[in-house]
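S.K.: Residue numbers (the working numbering): 191 to 539.
Shown next as structure tokens:
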């Protein structure tokens with residue numbers, strides 16, 4: 191209920207023999223109260239919105255999901271493998287708890303693996319430090335010639351967003367997960383942090399077998415560490431007698447080529463970036479839809495949808511000769527595949 195509507199209704203209840211024009215005593219007496227009433231309506235509407243899983247967000251969504259035993263995943267810290275060498279380029283030991291830095295990120299030494307090889311924990315949570323590799327600089331005084339991060343041991347993750355938490359909540363309340371059925375295995379897989387979706391294939395290799403296919407939080411293929419985490423978690427909760435195999439989707443590489451007509455003074459780099467962003471979102475959306483459909487066993491990348499997103503991209507007026515993997519056809523994806531856009535080539539005609 192808007193302020194204008196409330197004010198109009200209130201003035202209609204005043205006898206017409208009195209002046210109700212703007213700045214009249216009656217108008218000035220009623221208007222402030224009507225404004226405050228409109229704010230109450232806004233608060234009531236917001237509270238109503240925050241009462242349902244489909245529309246709640248933030249702390250309100252946190253409280254809703256707690257009612258069914260769920261919690262929002264907190265951000266986690268990246269663990270790195272690093273090597274340390276002396277002046278003679280030989281691996282050398284250092285003390286635990288020493289701190290190192292690269293860019294805006296800092297790391298603390300937490301565990302020795304072998305001589306000169308240690309695990310470091312990033313002191314900043316989230317996924318951004320996952321990309322940090324190479325030389326790092328000591329914050330504390332230490333007698334070494336070089337320090338270098340050589341591998342990720344455990345990827346850091348961002349705090350779970352509302353969209354993913356809502357998905358887990360709706361799956362929990364809508365789908366009867368019980369007795370080790372399909373929904374139960376999907377629920378177990380998604381209880382592991384950094385898993386955005388899971389597809390279940392029952393009886394895939396005979397009686398008592400279950401295959402669980404997962405993708406990471408970016409809707410891309412999961413690494414071995416994440417696969418093992420899901421495997422170990424399901425092994426702890428699965429019914430006796432079931433043989434569980436956990437895999438990740440295989441990536442099907444896709445190239446996109448097209449000739450485009452652009453508006454005057456168009457910036458091709460910006461056009462390409464905008465198109466790439468739209469296509470990546472489209473790929474993510476259809477992948478989510480496929481994983482959410484228990485019965486689906488294949489899906490496809492639509493040439494028409496790619497063309498639609500190309501036309502909607504910055505400064506694009508028209509296009510021709512649009513091809514996916516060098517053919518003018520849809521790209522079919524099998525049950526265990528996800529699309530991976532490897533290149534986008536746009537030529538001005």
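Here a beta-carbon is modelled for each residue, glycine too, at the ideal position from N, C-alpha and C.
In this text the structure is predicted, and so the values were computed from the model without any measurement.
1) Is residue 265 helix, strand or coil when you go by DSSP?
2) For chain B, is any of its Cβ atoms less than 9 Å away from the one on residue 463?
3) Which residue spans inside the segment 212-244 form an unbroken beta strand (DSSP E) run of at least 3?
4) Just to confirm my understanding: we take residue 296, look at its own chain, exclude 5 residues before and 5 after, and list those with CB closer than 8 Å. What are they?
5) Taking the beta strand (DSSP E) that residue 368 belongs to, which residues open and close that run?
6) With a threshold of 16 other CB atoms inside 10 Å of the CB of residue 374, please say whether the residue is buried or exposed.
7) Under 9 Å between the Cβ atoms of residue 481 and residue 388?
8) Going by DSSP, what residues sit across from residue 489 in a beta bridge?
9) May I ask you to report which of helix, strand or coil DSSP gives residue 352?
10) Is the beta carbon of residue 292 closer than 9 Å to that of residue 326?
11) Quick check: what's the CA-CA separation for residue 474 versus residue 226?
12) Excluding the 5 residues flanking residue 246 on each side, which residues of the same chain have their C-beta closer than 6 Å to its C-beta?
13) What residue does the alpha helix (DSSP H) around residue 344 start on, and which one ends it?
14) In the DSSP assignment, find the alpha helix (DSSP H) that holds residue 473 and state where it starts and stops.
M.R.: Working from what's here:
1) coil
2) Judged by its chain identifiers, the structure shown contains no chain B, having just a single protein chain.
3) For the segment 212-244, not a single whole beta strand (DSSP E) run of length 3 or above is found.
4) 289, 290, 312, 313, 314, 329
5) From DSSP, residue 368 is part of no beta strand (DSSP E); its letter is neither H nor E.
6) buried
7) yes
8) 523
9) helix
10) yes
11) 44 Å
12) 240, 254
13) Here residue 344 belongs to no alpha helix (DSSP H); instead the beta strand (DSSP E) covers 336-344.
14) 458-482
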